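Asker:
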Amino acid sequence: GVLLGLRYDHRKPHIVRAFMEGVAMVVRAIAEALADLGFKPARLLGCGGGLRSRLWAEIVASATRTSVARVRGGEHASNVGAAALALKALGAVRDLDELGWRAEVADVVHPDPALAEVYDVLYEKFTEAYRLLAPFFRE
Numbered sequence: 127g128v129l130l131g132l133r134y135d136h137r138k139p140h141i142v143r144a145f146m147e148g149v150a151m152v153v154r155a156i157a158e159a160l161a162d163l164g165f166k167p168a169r170l171l172g173c174g175g176g177l178r179s180r181l182w183a184e185i186v187a188s189a190t191r192t193s194v195a196r197v198r199g200g201e202h203a204s205n206v207g208a209a210a211l212a213l214k215a216l217g218a219v220r221d222l223d224e225l226g227w228r229a230e231v232a233d234v235v236h237p238d239p240a241l242a243e244v245y246d247v248l249y250e251k252f253t254e255a256y257r258l259l260a261p262f263f264r265e
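If you use the working numbering, the sequence shown corresponds to residues 127 to 265, in order.
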């Protein structure tokens, strides 16, 4: 990855925020790719990791213009989800509902319309920078 626009007066909080926003831009790129395939979720479901931070959830929600539902106690949810999908793929269950696992939503973070406008502009810069820098990432 790269940090574009880094200045001498930037400090650690600026760099951490830039990292959080960069991840949110990647989430938006993935969401747009899925939308191109006809899948547009009503909300994103997140757990553990960075989404324990409400700020990061707010950034992702605003950058994607999609609400983020944060799961309570979801530190192992990705492992449980992977195991559930493996069981379905192996034919051990016909439907994931058979497993009886439901995520308990702790809270839902909604996009901030004003911040979403800012992220729309930043996303255009992000995609252009990615397009220009992609050849360097392949080396």
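Beta carbons are placed, not taken as given, at the ideal position from N, Cα and C, and that holds for glycine.
Predicted model, so just to flag it, every value in this text is computed and none were measured.
Check A203 in the structure and name its three-state DSSP category.
Answerer: DSSP places A203 in helix when its eight states are reduced to three.
Asker: To which residues of the same chain is A157 closer than 6 Å at the C-beta, ignoring the five residues directly before and after it?
Answerer: T190, listed in sequence order.
Asker: Quick one: measure Cβ to Cβ for A187 and V194, integer angstroms, because I've assumed they're closer than 8 Å.
Answerer: Between V194 and A187 the Cβ distance is about 5 Å, and since that is below 8 Å, they are a contact.
Asker: With DSSP collapsed to three states, give me the class of G172.
Answerer: Note: G172 maps to strand in three-state DSSP.
Asker: According to DSSP, is D233 helix, strand or coil?
Answerer: In this structure, D233 counts as strand in the three-state DSSP scheme.
Asker: Is the number of C-beta pairs between the stretch 199-214 and the stretch 141-160 that are closer than 8 Å three or more?
Answerer: No, the stretch 199-214 is not in contact with the stretch 141-160.
Asker: For S188, which of helix, strand or coil comes out of DSSP?
Answerer: S188: helix per DSSP, three-state reduction.
Asker: On the three-state DSSP scale, how would you describe A218?
Answerer: It is coil, neither helix nor strand.
Asker: For the candidate residues E230, F263, K214, whose alpha-carbon lies nearest to that of D223?
Answerer: Comparing Cα positions, the closest option is K214.
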